[in-house]
Amino acid sequence: MSNTTQFRVLDFDCPTCASTVERALSNVDGVQHVEVHYTTGRVEIEYDDSVANPDAFAQTIENQGYTPQPA
């Protein structure tokens, strides 16, 4: 079943930061679609909840060097 979750990432410095996070999240198993908005720090992830776990998304963002917050 498809589900959506959102995070806020307030420590983006540039559009490349957002692209890095978007690319990393796109590679997580079960992720179907990712939108990262650099100017607002909003990250929206559509995923298959039978495959992916939202905790993995926060960890993926942290692994890229950023601090995710629940939206």
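Residue numbers (the working numbering): 15 to 85. All residues carry an ideal CB built from backbone N, CA and C; glycine is no exception.
Short Cβ contact (8 Å threshold) for residue i with residue j
i          : j          : result
residue 26 : residue 52 : yes
residue 68 : residue 34 : no
residue 82 : residue 75 : yes
Nearest to residue i (by Cα), restricted to the options the options
i          : options           : result
residue 37 : 85, 84 and 71     : 71
residue 17 : 54, 28, 48 and 79 : 48
residue 42 : 58, 65, 31 and 28 : 65
Residue i, DSSP secondary structure in three states
i          : result
residue 71 : helix
residue 40 : helix
residue 35 : helix
Backbone CA spacing between residue i and residue j [nearest angstrom]
i          : j          : result
residue 94 : residue 73 : In the structure as shown, the chain begins at 15 and stops at 85. Residue 94 is therefore absent and cannot be evaluated.
residue 44 : residue 60 : 9 Å
Counted within 10 angstroms of its Cβ, other Cβ atoms place residue i as buried (16 or more) or exposed
i          : result
residue 55 : buried
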